[in-house]
Amino acid sequence: MRTGAQPSALEVRAHAKVNLALQVVGRRPDGYHEVRMVMTPLALHDRLRVAVTQGELTVAVSEPGIPAGPENLAYRAALALKEAAGCPLGAAIEIEKRIPAAAGLGGGSADAAAVLLALNRLWDLGWPLERLQRLAAPLGADIPFCLLGRTALAEGIGERLTPLPPAPPVPAVVATPEVRWPGPKTATVYRAWRPLPPAERAEPDRVLAALRRGDPAALAAGLANDLEPGATELQPVIGRLKAAMVAAGAPGGVTARARPPVVGPHPHAHGGAAAASG
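In structure tokens, the structure reads:
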């Protein structure tokens, strides 16, 4: 395990993510939906400090109301790695939240991925990325992408990742409305999905082409999410936010995944805005 050459603590960033295009291919016999989606990290991030301890795992979170024990995804990821590696060491994990919680920006998954990467180094495990991704996949569908940490095409139920050219840096506004859902958010929106006419479907290939050209305007024009019509029917505020962004000068907008927030690239976004970073 540790040889003494490793640091005893690391400070790391956990970046939010957004889907630039989400196409629902269809529903599988097992009830899951087959998708093709282009995902990219955002500059918006949580800050974490991970320190080696003598056996115990602890998590402290700056945001009130976010669980710090076994219900915390970063804790579960650390425990899974500790058990799989047979590591006798522990860790003290401190999470400074900047990504809005339960907002569809992958904050919990990003924190879990950052912890796995930090502990892989701190505990001197030497696991390759693919092994960490296999460990993480049962914990959360977005964690393998967050471990990759760059723009990617996700297929299947999101588990098959193909790295893509980085998204061009684009200032963006992220709106996270507080809404109440009639059930679990992601499952509720997927249940509301209905096949769309071809002209209205998201086209990930348009976004892929824009990424290859490094064309921000074409990228903004390709933003789309097949789950958005159903989500907007359940939560009309999504449509109002998107319309307000376009009226304010954004060339487009898209819901982050199967729920708010609404993300819109905007040439004059500053301050709290997020920008594509990978």
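The sequence shown maps to residues -14 to 263 in our numbering. Positions of the beta carbon are idealized from the N, C-alpha and C atoms, including for glycine.
Quick one: is residue 189 buried, meaning 16 or more other Cβ sit within 10 Å of its Cβ, or exposed?
buried
Coarse secondary structure for residue 44, derived from DSSP in three states:
strand
Between the Cα of residue 234 and the Cα atoms of 36, 218 and 205, which residue gives the shortest distance?
205
Mind reading off the beta-carbon distance from residue 91 to residue 2? Whole number of angstroms is fine, and I expect it under 8 Å.
4 Å
What span of residues does the beta strand (DSSP E) with residue 25 cover, start to end?
18 to 38
Taking residue 64 as the reference, which of 13, 163 and 43 has the closest Cα?
43
The alpha helix (DSSP H) enclosing residue 237, as first and last residue numbers
Neither: residue 237 is in no alpha helix (DSSP H) and is coded neither H nor E.
Residue 38 vs residue 75 beta-carbon contact at 8 Å
yes
Could you compute how far the alpha carbon of residue 130 sits from the alpha carbon of residue 49?
27 Å
Give the C-beta separation of residue -3 and residue 70 to the nearest angstrom, bearing in mind that I take them to be a contact with Cβ-Cβ under 8 Å.
Their Cβ separation, rounded to whole angstroms, is 19 Å, which puts residue -3 and residue 70 out of contact at 8 Å.
Contact set for residue 86: own chain, Cβ-Cβ below 7 Å, skip 5 residues either direction:
48, 51 and 92
Check whether the segment 167 to 176 touches the segment 207 to 221, taking contact to mean three or more Cβ pairs, one atom from each stretch, closer than 8 Å.
yes
Residue 66 to residue 16 span [Cα, whole Å]
29 Å
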